[in-house]
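Numbering (the working numbering), first residue to last: 986 to 1177.
Before any comments, here is the structure.
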């Protein structure tokens, strides 16, 4: 929540603060209203609480909101990285003919792929195998799983969620991946 903006007592942030108080055993909640409606969670007993304690819990809720916002930003950055890795990989493939060495045992495209993974590993300071996995995941997000990439870019899922979707999708036949992706993404954002 932007600084200076107050949460409404019946809004989700008010619910989060009351929920935090309930979790530490200081209050019970009879009805907590959210934007989606009311939720019954216990008996009321807020009469003995000091306003400063309630304000502290609400402030803690704002900290968690800020952390969640940072996580969404990180997920969006991972999506941008995947897009840039895939763009660079495609460019490398397009100019692969220039990497051809006469009489070489390896195909120019294979040389370009290996060279690209090596350069990427050095650029982002990771082991070669990690860079190779990143290239494969980025390609899958760009070409095979666009809804997963979009969910990542929107901060709805983490990069780890996206990696799991990618890894599982590779075991699904190509013609079933769209349905698989849609089914998995329905709950991916709520899973740990």
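Backbone N, C-alpha and C define an ideal beta-carbon position, used for all residues, glycine too.
- Message: Considering only their Cβ atoms, is the gap separating residue 1141 from residue 1174 smaller than 9 Å?
- Response: As a first step, residue 1174 must be located in the chain shown, where it is residue number 189. As a first step, residue 1141 must be located in the chain shown, where it is residue number 156. The Cβ atoms of residue 1174 and residue 1141 lie closer than 9 Å to each other.
query: Where does residue 1156 fall in DSSP's three states?
result: Position 171 of the chain shown, counting from 1, holds the residue named residue 1156. Reduced to three states, the DSSP call for residue 1156 is coil.
**Prompt:** Which whole-angstrom value is the C-beta distance of residue 1150 and residue 1070, which I expect to be below 8 Å?
**Reply:** As a position in the chain shown, residue 1150 is number 165, starting the count at 1. As a position in the chain shown, residue 1070 is number 85, starting the count at 1. Contact between residue 1150 and residue 1070 is ruled out by a C-beta separation of about 17 Å, above the 8 Å threshold.
Between the stretch 1125 to 1142 and the stretch 1152 to 1159, are three or more C-beta pairs nearer than 8 Å? Yes: at least three Cβ pairs fall under 8 Å.
Check whether the stretch 1072 to 1081 and the stretch 1091 to 1111 are in contact - that is, three or more C-beta pairs closer than 8 Å. Under the three-pair Cβ rule at 8 Å, the stretch 1072 to 1081 counts as touching the stretch 1091 to 1111.
Distance between residue 1100 and residue 1090 (C-alpha atoms, nearest Å) = The residue labelled residue 1090 in the question sits at position 105 within the chain shown. The residue labelled residue 1100 in the question sits at position 115 within the chain shown. Between residue 1090 and residue 1100, the C-alpha separation is close to 15 Å.
ask   = In whole angstroms, what separates the C-alpha of residue 1042 from that of residue 1062?
value = For the purposes of this step, residue 1042 is identified with residue 57 of the chain shown, where counting begins at 1. For the purposes of this step, residue 1062 is identified with residue 77 of the chain shown, where counting begins at 1. Answer to the nearest angstrom: the Cα atoms are 30 Å apart.
*Compare the beta carbon distance of residue 1147 and residue 1053 with 9 Å and say whether it is the shorter of the two.*
In the chain shown, residue 1147 corresponds to position 162, counting from 1. In the chain shown, residue 1053 corresponds to position 68, counting from 1. No, the Cβ-Cβ distance between residue 1147 and residue 1053 is not below 9 Å.
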